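Asks: Letter 135 of the sequence shown, counting from 1, is numbered 216 in my numbering, and no numbers are missing. Below is one structure. I have some questions about it.
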Amino acid sequence: MEEKINTKAIAQYSAAFTQKAVERYFHSRDRISGPDLLTLTSSRQANLFTVHALMKAWKTESEKMRSPYFDYTAEPVRAALREFQNTLSNHISVDKTTLTPIVEKSVEKTLMVILDPYDFYAEMLDVDGKGFLRVEDLRSEIRYLKINSKPMELLLDKLKGKELVSGKEAFALLDQILEAVHFSPEEFDAHLAQLAEVLPLSAEQFFEVIPDPRKAKAAPKPSEPEKPVAAKPAESPRKTLADDLNRIQSLKESLTINQKFMFTKMLFKGDFEAFVTAVDFIDSCATFSEATQFVEKTYPDWDKESEEFAEFVELLEKRFS
């Protein structure tokens, strides 16, 4: 059996956590200031995500202030705007109703980056690979990321000098980084312990077991023996142009970053280094039979009815077709 992240459980915990944290603060106050946001909850990461969300909202609002009748690129105007923004940032004041959904989302993001950083990265870089990312916006987000942040910091280093990057390019660069550093997520006990100061939790409650769909089948009734039929000479299968086009030269090179995230999480229990080692060995195999024997011998516990296993085997077939 395999496990997958339970987003419903994460949402439920985040709502309950936020209610306790917010009620505790606003019990004797009507509004919260900027400095207090940094200590609102027991999780530093959740607090930083909240501050970042407010700063993004402020940036969006400030863009609406721009008028077509003025030159906002003029240096005196830009300097005045910076001073105005800095002054406002030192006078943050938010009421309970406005703040609650922001904190709730911040706690959800915190749990995701702790328990499932691969999906968190994919979401951060636009999981569908559509459109372009502004590198400065990405830099701003990563500035507030303190858990499992190393791969994203290295990604920023590779994006130096660029203003825009496509989601596809960002995925490809992150893929190279994860492989180069043999990334493994940080141990999550200490991070979860911070959240537990407000509301107890365990990692297990955020994962759901995917039940084994295989059911025992009744043995088929023996059929009456058929009369032997003279066998026709077997024709050797002919390779078609489609076969050649579908064939992949390297399993390692053919995998998308989403496939790597998925296989690492669902088949290799989050161990990216073990995943890379296995793929390298499979690419060194001479035949499909040799590759599948390696998989069966090394990973006997894999759920052979799972979608991830089926997709992995399909890629092996294309690799050795």
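Don't be surprised by glycine CBs; every beta carbon is placed ideally from N, CA and C. Here the structure is a predicted model, which is why all the values come from computation and not from measurement.
(1) Give the C-beta separation of S187 and A134 to the nearest angstrom, bearing in mind that I take them to be a contact with Cβ-Cβ under 8 Å.
(2) Select from S221, L245, S124 and E244 the residue whose C-alpha is nearest the C-alpha of E189.
(3) Touching or not, the stretch 94-101 and the stretch 166-186, by the rule of three or more beta carbon pairs under 8 Å?
(4) Apply the 10 Å Cβ neighbour rule to Y202 and answer buried if 16 or more other Cβ atoms are within range, or exposed otherwise.
(5) State the Cα-Cα distance for the pair L273 and S402, rounded to the nearest angstrom.
(6) Go ahead and label T191 buried or exposed: buried means 16 or more other beta carbons lie within 10 angstroms of its beta carbon, across all protein chains shown.
(7) Taking the C-alpha atoms as reference points, what is the distance between Q275 and V360?
(8) Who are the near neighbours of I205 in its chain, counting only those whose CB is closer than 8 Å to its CB and skipping five residues on each side?
(9) Could you name the residues of the same chain whose beta carbon sits closer than 8 Å to that of T345, not counting the 5 residues immediately before and after it, in chain order?
(10) Using only the alpha-carbon positions, how far apart do T88 and R159 sit?
(11) Looking at the unbroken alpha helix (DSSP H) that takes in D382, where does it start and where does it end?
(12) From E250 to H108, what distance separates their C-alpha atoms?
(13) In terms of alpha-carbon separation, which member of I173, L237, V103 and L240 lies closest to V132?
(14) My parser needs the alpha helix (DSSP H) runs of 4 or more residues fully inside the stretch 123-157; what are they?
Replies: Here's the rundown:
(1) Counting from one through the sequence shown, the residue named residue 187 turns up at place 106. Counting from one through the sequence shown, the residue named residue 134 turns up at place 53. Rounded, the Cβ-Cβ distance is 6 Å, consistent with contact.
(2) As a position in the sequence shown, residue 189 is number 108, starting the count at 1. Among S221, L245, S124 and E244, the Cα nearest to that of E189 is on S124.
(3) yes
(4) One-based indexing of the sequence shown puts residue 202 at position 121. Per the 10 Å Cβ criterion, buried.
(5) By 1-based counting over the sequence shown, the position of residue 273 is 192. By 1-based counting over the sequence shown, the position of residue 402 is 321. Looking at the two C-alpha atoms, the distance is approximately 46 Å.
(6) Locating residue 191 in the sequence shown gives position 110, counting from the first residue. Burial call: buried.
(7) Numbered from 1 along the sequence shown, position 194 holds the residue referred to as residue 275. Numbered from 1 along the sequence shown, position 279 holds the residue referred to as residue 360. When rounded, the distance between both Cα atoms is 37 Å.
(8) Here residue 205 is taken as the residue at index 124 of the sequence shown, counted from 1. Note on identity: in this sequence residue 205 is Met, with Ile being the wrong assignment. Counting only Cβ-Cβ distances below 8 Å, and skipping sequence neighbours, we find L219, E222 and M233.
(9) Here residue 345 corresponds to residue number 264 of the sequence shown, with the count starting at 1. Cβ contact annotation for T345 (same chain, cutoff 8 Å, sequence separation greater than five): Y199, G351, D352, F353 and F356, in chain order.
(10) One-based indexing of the sequence shown puts residue 88 at position 7. One-based indexing of the sequence shown puts residue 159 at position 78. T88 and R159 have their C-alpha atoms spaced approximately 42 Å apart.
(11) Here residue 382 corresponds to residue number 301 of the sequence shown, with the count starting at 1. Where D382 is concerned, there is no enclosing alpha helix (DSSP H), given that its DSSP letter is neither H nor E.
(12) On the sequence shown, residue 250 is found 169 positions in, with the first residue counted as 1. On the sequence shown, residue 108 is found 27 positions in, with the first residue counted as 1. Using only the alpha carbons, I get a separation of about 48 Å.
(13) Indexing the sequence shown from 1 puts residue 132 at position 51. Of the listed residues, the one whose Cα sits closest to V132 is I173.
(14) 125-145
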